[in-house]
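Residues -20 to -1, 1 to 98 (mature numbering (1 follows the signal peptide of the UniProt record, and there is no 0)) are what the sequence shown spells out, left to right. Using N, Cα and C, we set each Cβ at its ideal position, and we do this for glycine too. Written out below as structure tokens is the structure these notes cover.
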Amino acid sequence: MKHILTTVIAALLLAACANNNQPANSLYYWGDFNKQQYQALNNALTPQEQIANMEKYFLDVQSNYAKAAPGTHAHLGMLYAKVGNLAGAKTQFKMEKQAFPESTAYMNFLLKNVVGEK
């Protein structure tokens, strides 16, 4: 009996760890966004590779019928600005502002200082 209980507890613990960092009750889809931010901060990938990863992230968001996590559009916007795609950056900053109104002041700052919008 003791071995069965130990086995059941171990199985439950392993099942709890296998949630792919996506809580069932999460409001947003995080996917591997944290990993992507870490790579960006450590210059582990080129901006083009990071953009490709972020675009895949947004495809995953759509395929999971989920909401993009806060900061994801802003992150992609900064990557677009880094490679000179200011139109893409502007679009992403505006999407971030629309999805998360509390980011309006910062997105306006980025639109003005990164994209050059008046």
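Ordered along the chain, which non-local residues of its own chain (more than five positions away) have a Cβ less than 7 Å from that of residue i?
| i | result |
| --- | --- |
| N(-2) | Reliability of the predicted coordinates at N(-2) is poor, the pLDDT of 48 falling under 50, and the value obtained from them is presented with this limitation in mind. So the list is empty, once near-sequence residues are dropped. |
Apart from the five residues on each side of it in sequence, which residues of its chain come closer than 6 Å, Cβ to Cβ, to residue i?
| i | result |
| --- | --- |
| G68 | Y60 |
| L90 | F73 |
| K66 | For the record, residue 66 in the displayed sequence is Leu; it is not Lys. Only V95 meet the Cβ criterion. |
Buried or exposed for residue i, please, with buried defined as at least 16 other CB atoms from any protein chain shown within 10 angstroms of its CB.
| i | result |
| --- | --- |
| N33 | buried |
| Y37 | buried |
| K77 | buried |
| S6 | exposed |
| G11 | buried |
| G52 | Correcting the residue type first, residue 52 is Thr in the shown sequence and not Gly. When all chains shown are included, T52 counts as buried. |
| A48 | buried |
Whose C-beta lies closer than 8 Å to the C-beta of residue i among residues of the same chain, with five residues either side of it excluded?
| i | result |
| --- | --- |
| N44 | Y9 |
| M87 | A54, F73, K74, E76, K77 |
| T84 | K77 |
| K98 | K92 |
| Q16 | Q30, N33, M34, Y37, H55 |
Need the endpoints of the alpha helix (DSSP H) that residue i sits in, please.
| i | result |
| --- | --- |
| L56 | 52 to 62 |
| L66 | 66 to 79 |
| A85 | 84 to 90 |
Exercise for review: At 4 residues or longer, and completely inside the segment 4 to 31: list those alpha helix (DSSP H) runs for me, N to C.
Suggested key: Taking only runs of at least 4 residues, the alpha helix (DSSP H) segments lying wholly in the segment 4 to 31 are 13 to 21.
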